[in-house]
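Asks: Sharing a structure with you now.
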Amino acid sequence: MPVFAGSELTCLRGDRLVFTGLEFRIGPGGALVLLGPNGSGKSSLLRVMAGLLKPLRGTLGWDGVAVAEDPDLHRSRVQYVGHLDAVKPVLTAVENLAFWAALAGAADPAANARAALDRLGVPHIAGVPGRYLSAGQKRRLNLARLLAAPAALWLLDEPTVALDRAAIALFEGLIAEHRAQGGMVVLSTHTDIATPGGEELHLDDFTPYADDEEAGSEDYEEEGAVP
Amino acid sequence: MSRFLRLVARDLRLALRQGSDATIAVMFFVLCVVLFPFGVGPEPNILARIAAGVIWVAALLASLLSLERLFQTDYEDGSLELLSLSSLPLEAAVLAKTLAHWLVTGVPLIVAAPLLAVLLNMDAEGFGVLVLTLTLGTPILSLIGAIGAALTLGARRGGVLLSLLILPLYIPVLIFGAGAIDAAINGLTPRPHLLLLAGILAAALPLAPWAGAAALRQAVE
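For the protein sequence lines, the chains are L and B, in the order given. Here the first sequence is numbered in my numbering, starting from 1 and rising by one per residue. Here the second sequence is numbered in my numbering, starting from 1001 and rising by one per residue.
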């Protein structure tokens, strides 16, 4: 059974150290909820996990094999939902979705896309061009990608933004189903998403400020003690 | 249908539904060439003498027009992140998008060029070679342009930067493109020029997607 783990991860954005010495481990059916204040590196960590961002230090492993050894293989295991919905305004919802399903190698992308929209509770938007969709509908369309192009590992960056309560409940059900089939989920959120049995990772535990400040003040005291 | 063709088909569909890119490029091309008789006067001999160069320069500028948009919309709406995470190699994605861009903006230029050649009183000897040089040359323009479009992604005033970056690289294509037509009109063989153009195309075909993909990875990060 697959295990996705990271060790000693350090991420640098610009010249700011976002997190350092970060460790995580997810088993089959596992869920990891990333928590932390704005700017604590939740999105960065998800991008590192997806392979969009290279960590400054540290390794990601899948079943003990370093992800960096075969990035192509890793990409086929991952579905990433970011802040942007990637919805083309002139394509209909089904066309938008079917393209991503086809790119992931689906045999019948249009059928997959329709089934996924059904599951997300928005079958009526299938023929509607992207520019007429509301923010919540676009979000549902983006989340439908998870079903239209299945992958073992879901990386979700605040997936419930713009969703109404009913949609959040629906989405919680989809996550539970994915986990029951042995899938893994990593998500960052500021609202409550029920992930029974899921682990929490507090990113502020790995932000280097606190240490720096302590180290800095010690230096200062030593310097001050010399004269 | 392979993933590569899916991406080409999707970009073509986007371009056809939006409709503006293709028509703007070819309209600009026509207008740009039509301006010359007004500027240099309607003397047929002068127009015939400069026709090859004018058409080629106008083709360069027209292909620049829509290049800025090549990756811009995908970058802004998050599609580029998903493309770089898909199982289609990013190099192939760059090639697919460049191919779609050429089909939408390059091919109409090739179709319109003979008409403009008549307008400028170009010697009939040059017509065939004109179409041939544009067929070899416009894909090179799209390929080199794709590198520039990827490099300037996310930059403010990216379009202006792109022109400054790319136009100098277009010079060899312009020299051999216009040179081949002049050679044909003067009764010489255009073969060396055409071979050199084909050589540039053969070099750009693998190198441009490779360089473009590297630039896109930086942009997505």
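The beta-carbon is built from N, C-alpha and C at its ideal position, and this holds for glycine as well. These numbers were taken from a predicted model, which means no experiment stands behind them.
1) How close, in whole Å, do the beta carbons of S1084/B and L1216/B come, if the pair is a contact with beta carbons under 8 Å?
2) Around the Cβ of V1008/B, are there at least 16 other Cβ atoms within 10 angstroms (buried) or fewer (exposed)?
3) Do L46/L and L117/L have their C-beta atoms within less than 8 Å of each other?
4) Suppose contacts are defined by Cβ-Cβ distances below 8 Å. Is P1114/B in contact with F1127/B by that definition?
5) Measure the CB-CB distance between W100/L and A167/L and report whether it falls below 8 Å.
6) Using 8 Å as the limit for Cβ to Cβ distance, is A86/L near chain B?
7) Taking 8 Å as the cut-off, decide whether the C-beta atoms of S1063/B and T1135/B are in contact.
8) Using a beta-carbon distance cut-off of less than 7 Å, what residues from the region 148-165 of chain L approach chain B?
9) Give me the chain B residues within the contact set of R77/L, using Cβ-Cβ distance strictly less than 8 Å, ordered along the chain.
10) Buried or exposed: E95/L, going by 16 or more other Cβ atoms within 10 Å of its Cβ?
11) Name, please, each residue of chain B whose Cβ falls closer than 9 Å to the Cβ of V67/L.
12) With DSSP run on the structure shown, which of helix, strand or coil describes R13/L?
13) As a quick exercise: from L60/L, P71/L, L53/L, pick the residue whose alpha carbon is nearest that of G14/L.
14) For the beta strand (DSSP E) containing M184/L, list its first residue and its last residue.
15) Give me the chain L residues within the contact set of E1081/B, using Cβ-Cβ distance strictly less than 9 Å, ordered along the chain.
16) I'd like the list of long-range same chain contacts for M85/L, defined as Cβ closer than 6 Å, with 5 residues on each side in sequence excluded.
17) Quick one: any contact between the region 1095-1111 of chain B and the region 1164-1172 of chain B, if contact means 3 or more CB pairs under 8 Å?
18) Between L56/L, A98/L, P37/L, A180/L, which lies nearest to A144/L when the distance is taken from Cα to Cα?
19) Are L1130/B and A1204/B touching if we call contact CB-CB under 8 Å?
20) DSSP three-state call for Q79/L: helix, strand or coil?
21) On the DSSP bridge assignment, give the partners of D157/L in chain order.
22) Who are the Cβ neighbours of T1189/B in its own chain at under 7 Å, not counting the five residues just before and after it?
23) Name the chain L residues whose beta carbon is nearer than 8 Å to that of R1017/B?
24) I need the straight-line Cα distance from S1086/B to A1093/B, nearest angstrom please.
25) In the DSSP assignment, find the unbroken alpha helix (DSSP H) run with H136/L in it and report its ends.
26) Across which residues does DSSP place E200/L in a beta bridge pair?
27) To which residues does DSSP link S7/L through a beta bridge?
Replies: The structure says:
1) In the second sequence, the residue the question calls residue 1084/B occupies position 84. In the second sequence, the residue the question calls residue 1216/B occupies position 216. Between S1084/B and L1216/B a beta carbon distance of about 7 Å is seen, short of the 8 Å cut, so the two are scored as contacting.
2) Residue mapping note: residue 1008/B aligns to position 8 of the second sequence, counting from 1. V1008/B comes out buried.
3) What you label residue 46/L is simply residue 46 of the first sequence in a count that begins at 1. What you label residue 117/L is simply residue 117 of the first sequence in a count that begins at 1. Between L46/L and L117/L, the C-beta gap is not smaller than 8 Å, which leaves the two residues out of contact.
4) Mapped onto the second sequence, residue 1114/B falls at position 114. Mapped onto the second sequence, residue 1127/B falls at position 127. The criterion of a C-beta distance shorter than 8 Å is satisfied by P1114/B and F1127/B.
5) In the first sequence, residue 100/L corresponds to position 100, counting from 1. In the first sequence, residue 167/L corresponds to position 167, counting from 1. Contact flag unset, no.
6) Position 86 of the first sequence, counting from 1, holds the residue named residue 86/L. Closer than 8 Å to some Cβ of chain B, the Cβ of A86/L qualifies, so yes.
7) Within the second sequence, the letter at position 63 stands for residue 1063/B. Within the second sequence, the letter at position 135 stands for residue 1135/B. Result no, Cβ atoms of S1063/B and T1135/B do not sit closer than 8 Å.
8) Answer in chain order: no residues at all.
9) Numbered from its first residue, the first sequence carries residue 77/L at position 77. Below the 8 Å Cβ cutoff, chain B contributes no neighbours of R77/L, its closest Cβ being approximately 10 Å away.
10) Translated into positions along the first sequence, residue 95/L becomes position 95. Counting Cβ neighbours within 10 Å, E95/L comes out buried, since at least 16 surround it.
11) By 1-based counting over the first sequence, the position of residue 67/L is 67. Simply none; closest approach about 13 Å.
12) The residue given as residue 13/L occupies position 13 in the first sequence. Reduced to three states, the DSSP call for R13/L is strand.
13) The sequence position of residue 14/L within the first sequence is 14, counting from 1. For the residues L60/L, P71/L, L53/L, the minimum Cα distance to G14/L belongs to L53/L.
14) Stepping through the first sequence from its first residue, residue 184/L is reached at position 184. That run of the beta strand (DSSP E) goes 184-188.
15) Taking the second sequence and counting its residues from 1, one reaches residue 1081/B at position 81. In chain order: R47, A50, L52, Y80, G82, L84, A86.
16) Counting from 1 along the first sequence, the entry for residue 85/L is found at position 85. Here residue 85/L is Asp; the residue named in the question, Met, does not match the sequence. Short of 6 Å from the beta carbon of D85/L, and not among the five residues preceding or following it, lie these beta carbons of its own chain, in chain order: K138, N142.
17) No, they do not touch.
18) Taking the first sequence and counting its residues from 1, one reaches residue 144/L at position 144. For A144/L, the nearest C-alpha among the options comes from A98/L.
19) Along the second sequence, one-based indexing puts residue 1130/B at 130. Along the second sequence, one-based indexing puts residue 1204/B at 204. For L1130/B and A1204/B, no; Cβs fall outside 8 Å.
20) For the purposes of this step, residue 79/L is taken as the residue at position 79 of the first sequence. The answer is strand: DSSP assigns Q79/L an E or B state.
21) The sequence position of residue 157/L within the first sequence is 157, counting from 1. Answer is S188/L.
22) As a working note, residue 1189/B is residue 189 in the second sequence. Around T1189/B: A1183.
23) Walking along the second sequence from the start, residue 1017/B turns up at place 17. Neighbours of R1017/B on chain L, chain order: V90, L91.
24) The sequence position of residue 1086/B within the second sequence is 86, counting from 1. The sequence position of residue 1093/B within the second sequence is 93, counting from 1. Distance from the CA of S1086/B to the CA of A1093/B, rounded to the nearest whole angstrom, comes to 10 Å.
25) Position 136 of the first sequence, counting from 1, holds the residue named residue 136/L. For the sequence presented, residue 136/L should be read as Gly rather than His. Per DSSP, the continuous alpha helix (DSSP H) segment holding G136/L begins and ends at 135-148.
26) Position 200 of the first sequence, counted from the start, is the residue given in the question as residue 200/L. Answer is V33/L, bridged to E200/L.
27) Residue 7/L sits at position 7 when you count from the first residue of the first sequence. According to DSSP, which records beta bridges pairwise, S7/L is partnered with T59/L.
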